[in-house]
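There are 2 protein chains.
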Amino acid sequence: MKTQLIDTLRSIVGDAHVLVGGDLSAYEVDWRKRFHGKALAVARPASTAEVAAVVKACAAAGVSIVPQGGNTGMVGGSQPDETGQQVVLSLQRMKAVRGIDQGNLTVTVEAGCILQVLQETAATAGYLFPLSLAAEGSCTIGGNLGTNAGGTQVVRYGNTRDLCLGLEVVTAQGEVWDGLSGLRKDNTGYDLRDLFIGSEGTLGIITAATMKLYPLPAASLTSWAAVPTLDHAVTLLGMAHKHLGAGLTGFEVMGQFALSLVAKHFPQQRVPFFKETPFCVLLENSDHESEAHARTLFEQLLEAAMENGCVTDAVVAENLTQAHQLWHIRESIPLAQAEEGLNIKHDISIPVSSIPEFCRVTDAMLQEAIAGVRLVNFGHLGDGNLHYNVQAPENGDAKEFLRTQEERVNSIVYDSVQNFHGSISAEHGVGLLKVEKLEHHKSPVALGMMRAIKHALDPHNVMNPGRVLRA
Amino acid sequence: MKTQLIDTLRSIVGDAHVLVGGDLSAYEVDWRKRFHGKALAVARPASTAEVAAVVKACAAAGVSIVPQGGNTGMVGGSQPDETGQQVVLSLQRMKAVRGIDQGNLTVTVEAGCILQVLQETAATAGYLFPLSLAAEGSCTIGGNLGTNAGGTQVVRYGNTRDLCLGLEVVTAQGEVWDGLSGLRKDNTGYDLRDLFIGSEGTLGIITAATMKLYPLPAASLTSWAAVPTLDHAVTLLGMAHKHLGAGLTGFEVMGQFALSLVAKHFPQQRVPFFKETPFCVLLENSDHESEAHARTLFEQLLEAAMENGCVTDAVVAENLTQAHQLWHIRESIPLAQAEEGLNIKHDISIPVSSIPEFCRVTDAMLQEAIAGVRLVNFGHLGDGNLHYNVQAPENGDAKEFLRTQEERVNSIVYDSVQNFHGSISAEHGVGLLKVEKLEHHKSPVALGMMRAIKHALDPHNVMNPGRVLRA
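Residue numbers (this note's numbering), protein chains in the order written: chain A, 121 to 591; chain B, 121 to 591.
Next up, the structure:
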C-alpha cells in the first residue's frame, strides 16, 4: 500500500523529487532541533497541478500530509510526526515570482519563493514588500502565509495577512481553488483567504498568493533612545504615531538585561546607553520625501520626548551603516541569550497600554517563584508583541532549570497573559508546541468553531493532523 | 407555537421591545424600497445576553433570524422575507461605546452604534476612526462589519475588516464568543474574526467589536484635477502614492457624463473643469505635520503631473468649505443620477491597472448592444472600485429600459468583470440581490467551501437564510 503510494508520487512529480531514505533531516527536523520526525517520503511538486495530484493520491491512500516551506518555524508545525507514515509536501520547487503589476501595486508569487527573494524582486522594480523577519533568507512566503508571520514592520504594515489580497490553494480534497486576486475590495462571500492564512497547513495547501506592494520610501532613518520606564516607552510610542504618522515603521523595546547579554557575548558591538537606563527603544522612520525631512521629524519627536521626560538620551544614525549596527544589536539578543545558556521563550502579545503593568506583575511573580531568575524582555512594542524570555539564575544549571521550572514558568506567564487579555502566541503560531496550551487558554466557543471548520474542510484529517488542534 | 415564541421574546427583552403588527416598514423594507418583507416580530435586545437568549429561543422554535443594524444596505441583506415567519433581530439598542484605550489606539463599541457617533466619539478624544461612507449618519458599526463596508478612505485605511481587531459574537447556537481583543498580533488558531466579518449575518450575530484608531491628521487637503484619460488617472494614482505616501487618503474618479448630471440637476453646484475633460479626479491628502506641508506636497505632485501630461488643470481647495464643496460634487452623483431617472447600478472592482481597458471594452459592448446608452462611471479608483452605472438613452423610457435591458446589461458587465479578474460586488455585499449572480461568477470550489462552513457553523440554517448562499 505504502510502496504503491510512493510509486504514484514518483509518477506525479518524477523519481528525483520523491525522497525516501537517506538523510532527510532537513525536512524531518526543525532548525532548533526540538522536533524530530520521520517521513514516509518527501514529495517536491513543481506545479499547482502536481500539488493537487499529490494530495489526491495521499488522501486516497489514507496518508496524511505535512506541508513545508523553508522549515524555519518556531512551533513544530512543519515536521512529520515520528510514525514514518506521513508525507512531507515541500513547496520549495514552486518558487516563481509569477508577475508584478505595477499599476495595481501587487505581485503574484508561488508559495516556495524565499521571502528575501521576494523583497529583492520588489525592490529591483522600485517597490517595497515590507514583510521582514529574522528568517527572511530561508523562510518562504507560503510559510509566512501559513503562519501569518509578523516581524518588525507590523506597526505600519500589519502581519502577512494584511499584505495578502488573494490565494491559490489546493484543498484537502485535492481541488484547486483559484482565489488569486489583485482586488482591494471584494465582498462576494465568506473570507476564505484569511481562513487559510494562519491555519498552518491544517485546512489546505497555499500554492501561490497575490501580495501588496508599496512605493519604496525615499529614506529610512533609525534612532536609538534611552527611556526611564516601560510607561515612558508607551508614551513615546503614542508621540511617535502623532509626529511620524505612517512613517513610523519600527518601534522595538529592549530591557537592560537583554542588552547587557549582547554587550557581554558580543563585545565588538557598541550598545548605546544601556548601562544608564532600564530600557532602550529602537525607532525607524520611513519617509516618502527625503532623508533631510525624515531627520527633521525625528529631531522634533526626540526633542519633545526629552522635554517631557520620556527620553533621557538619544542618537539618530548618521548613515546606513550606523542604522544597521543599531538593528544588529536588537537582532543579536536571541543569539546572546543562547550564548548565556538555555532559556524559556515566550512569544506573547498584550494590549500596548497594559504592557508596563503586565511586566511589573509578571516579573514580580516570577522573581518570587524562582530566586534570582533573570528576565530577557524585548520585542515589538509598536504592535504589543513581547519576547518575554526567562533565563536561569546566574551560574545556575540551565538544563536543570528548564527541566524543573519550564512548566511552572509557562503557567505563571500564560496565566498572566490571559489576565491581561493577551495572546500566548503573538506571531509564531500554535503548531505542535502550543496545542495543549491553546486548549487551556482559548475560549471553548472559539475552539468549538475551529473544530467544526476543520471537520468541514478536511473531514478525513489529511492536512497536517494534530497541529493547531488535537487530532 | 409562534405565539409562544413571541411570549418568550417578550420575557427576554421586555414587552416594549418586541414589535408585532403596526407599521414595521422601517424594519421590513429597505431604504431604496426594493425589498419588501414581513416579519413575525422585531426583537430589540439591549445586551449580549439578551441577544443570546433571543437566538436560543428562535432556534428552539425553528424560527430563523434576520440580524439588522441601520437597515441601510444595498443588497437586501437585512430585511425579512415575505413569509411573516422570520424574526428581525435589531441591534439598535446596543449602541454603547464601551471604552477607548488611548495607549493602545483602540475603541470597543457595540454593534448598534451609529458610524457617525463612533467617528465623533473618536474625534472628541483626539483620534481618527477612518471608516467613512454615504450612510454614516444612520448605518451601524455592526452592519459595517457584517458587510465589510468600504467607502472613500480604503486606499489608505482598508475596508472595515482592516479596522477591526476583535469581535464579540453570538453564534447560531446562542453561545457567546468573547473574541474582543486589542491585539495587533495574535496567531492562536483560525481567523474566526474575519470569517464573521462580511458574512452578512449568516453565521452568527456580531454584538460588539474592538476597532483601530489613528491619530487625527494635522490637516486634510482636497484637490480636483482634470485628466485626459483613465490611463492618465491610473498613472496619476501611482504618482500620488509616491509623492504623498500614506498621506493619500482619497482618490476618486468621475466621468464627464456623471459630472454633467450633477451640473444639470444641481445647478447651484459649480463643477470644475468637466466641460473640457473626459475625467476628473478628486484627491485627498491627510498630513500629520501641517496644512502648509500638505499644500507643498500637493503642489509638487500636481506640478509633476502637469509636466508629464497626466493632469491638464487642477485646483487645491483653499479651505474646509471649498473642500466640502468638492466632496459634495462627488457625493451628489448618485442623487443626480436618480434625478435623471432609473438606472442600472453596478458595484464592481477591477485590478487598478486594468480599469482603463475594462472601461474601453465594456463601454463599447454596451454601446453596441443598446444604441444611445449612457454610462455614469465614477468610483474609488484608488482601491479599484467603480460604480459603473448604466442609464437609459436620453429621453428614453427608463422603466421600460430597466424591464427589458437590466438582465442583458448585467450579463455584459459581469461577464466583462470576470474576464478582467474583477469582483461583481466590491463593497456592497451579496445579500439577496446577488445570490444567483454569485453562483454564476464565483468559483465552484470556493462556493463549496462556503457551503461547508455555513453548514458547520449554522447546521439548522437559523441565521439569515438565503442570503449570500441559497437556502
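Quick reminder that beta carbons are idealized off the backbone N, C-alpha and C, glycines included.
8 angstroms contact criterion, which residue i and residue j should meet: CB distance rounded
i: L402 of chain A; j: R450 of chain A; result: 5 angstroms
i: R313 of chain A; j: L287 of chain A; result: 5 angstroms
i: G365 of chain A; j: H408 of chain B; result: 3 angstroms
i: M583 of chain B; j: G299 of chain B; result: So it is not a contact: roughly 17 angstroms between Cβ atoms.
i: F377 of chain B; j: R494 of chain B; result: 6 angstroms
i: A434 of chain B; j: A512 of chain B; result: Going by Cβ atoms, the distance from A434 of chain B to A512 of chain B rounds to 33 angstroms, so no, they are not a contact pair.
i: K332 of chain B; j: L379 of chain B; result: Not a contact, Cβ separation roughly 34 angstroms.
i: T322 of chain A; j: V171 of chain A; result: 16 angstroms between Cβ atoms; not a contact.
i: S198 of chain A; j: Q188 of chain A; result: 4 angstroms
i: I222 of chain A; j: L251 of chain A; result: What sits at residue 222 of chain A in the sequence shown is Gln, not Ile. Incorrect: roughly 19 angstroms between the Cβ atoms, too far for contact.
i: S410 of chain A; j: N224 of chain B; result: In fact, because the Cβ distance is near 32 angstroms, the residues do not count as touching under 8 angstroms.
i: Y310 of chain B; j: M570 of chain A; result: 5 angstroms
i: I464 of chain A; j: E520 of chain A; result: Not really, about 13 angstroms apart at Cβ, beyond 8 angstroms.
Strand pairing of residue i, partner residues [DSSP]
i: S340 of chain B; result: B:S406
i: I490 of chain A; result: None; I490 of chain A has no bridge partner.
i: Q511 of chain A; result: A:N463, A:R494
i: H156 of chain A; result: A:V149
i: V373 of chain A; result: A:V401, A:G499
i: M331 of chain B; result: B:V227, B:C284
i: M583 of chain B; result: B:I185
i: I234 of chain B; result: B:T260
i: W297 of chain B; result: B:V289
Cβ-based burial, residue i [other Cβ within 10 Å; buried from 16]
i: E423 of chain B; result: exposed
i: N268 of chain A; result: buried
i: L440 of chain B; result: exposed
i: N509 of chain B; result: buried
i: Q457 of chain B; result: buried
i: Q420 of chain A; result: exposed
i: N515 of chain A; result: exposed
i: Q497 of chain A; result: Checking the sequence shown, residue 497 of chain A turns out to be Asn, not Gln. With 16 or more other Cβ atoms within 10 Å, it is buried.
i: G204 of chain A; result: exposed
i: T369 of chain A; result: buried
i: N405 of chain B; result: buried
i: R281 of chain A; result: buried
i: K384 of chain A; result: exposed
i: S543 of chain B; result: buried
i: E230 of chain A; result: buried
i: A161 of chain B; result: buried
i: H560 of chain A; result: exposed
i: H580 of chain A; result: exposed
i: E396 of chain A; result: exposed
Minimum Cβ-Cβ distance from residue i to chain D less than 8 angstroms
i: D135 of chain B; result: Of the chains in the structure shown, none is chain D; the protein chains are A and B.
**Q.** Residues in the segment 355-369 of chain B having any Cβ partner in chain A nearer than 9 angstroms
**A.** T355, L357, G358, H361, K362, H363, L364, G365, A366, G367
Q) Any chance the segment 459-469 of chain B sits against the segment 288-306 of chain A, with 3 or more Cβ pairs inside 8 angstroms? A) yes
Q) Is the segment 150-161 of chain A touching the segment 187-199 of chain A in the sense that three or more CB pairs, one from each, lie closer than 8 angstroms? A) yes
Q) Is the segment 491-506 of chain A close to the segment 551-566 of chain A, with three or more CB pairs under 8 angstroms? A) no
Q | At least 3 beta-carbon pairs within less than 8 angstroms: the segment 173-184 of chain A vs the segment 328-344 of chain A | A | no
Q: For the segment 225-244 of chain A and the segment 479-488 of chain B, state whether three or more C-beta atom pairs, one from each stretch, are separated by less than 8 angstroms.
A: no
Q: Please list the residues of the segment 562-574 of chain B that have a C-beta atom closer than 7 angstroms to any C-beta atom in chain A, keeping them in chain order.
A: K562, S563, V565, A566, M569, M570, A572, I573
Q: Count the C-beta pairs between the segment 264-280 of chain A and the segment 540-554 of chain A that are closer than 8 angstroms, then say yes if the count reaches three, no if not.
A: yes
Q.
Please list, in chain order, the residues of the segment 242-275 of chain B that have any C-beta partner in chain A closer than 7 angstroms.
A. T267, N268, G270, V274
**Q.** Inter-stretch contact at 8 angstroms, needing at least 3 Cβ pairs: the segment 348-355 of chain A / the segment 235-249 of chain A
**A.** no
Q) Is the number of C-beta pairs between the segment 129-137 of chain B and the segment 165-178 of chain B that are closer than 8 angstroms three or more? A) yes
Q. Given a limit of 8 angstroms on CB to CB distance, which residues of the segment 541-557 of chain A reach chain B?
A. H541, G542, S543, I544, S545, A546, E547, H548, G549, V550, K554
Q) If contact means a Cβ-Cβ distance below 9 angstroms, which residues of the segment 141-153 of chain A contact chain B? A) none
Q.
Please identify, using Cβ separations under 7 angstroms, the residues of the segment 470-487 of chain A that lie next to chain B, in order along the chain.
A. P471, V472, S473
Q: Return the residues of the segment 301-312 of chain B that lie within a Cβ-Cβ distance of less than 9 angstroms from chain A, sorted by chain order.
A: S301, G302, L303, R304, K305, D306, N307, T308, G309, Y310, D311, L312
**Q.** Interfacial residues, the segment 277-299 of chain B to chain A, with Cβ spacing under 8 angstroms
**A.** G278, N279, R281, D282, T291, E295, V296, W297, D298, G299
Q) the segment 575-588 of chain B: which residues have C-beta closer than 8 angstroms to a C-beta of chain A, in chain order? A) H575, A576, L577, V588
Q | Residues of the segment 398-411 of chain B whose Cβ lies closer than 9 angstroms to any Cβ of chain A, in chain order | A | S406, D407, H408, E409
Q: With 8 angstroms as the limit, tell me which residues of the segment 207-239 of chain A have their beta carbon closer than that to any beta carbon of chain B; keep them in chain order.
A: D221, Q222, G223, N224, L225, T226
Q. Which residues, in chain order, does the segment 449-473 of chain B contribute to contact with chain A at a C-beta distance below 8 angstroms?
A. S469, I470, P471, V472, S473
Q. What residues from the segment 504-515 of chain A come within 8 angstroms of chain B, judged by C-beta to C-beta, listed N to C?
A. G504, N505
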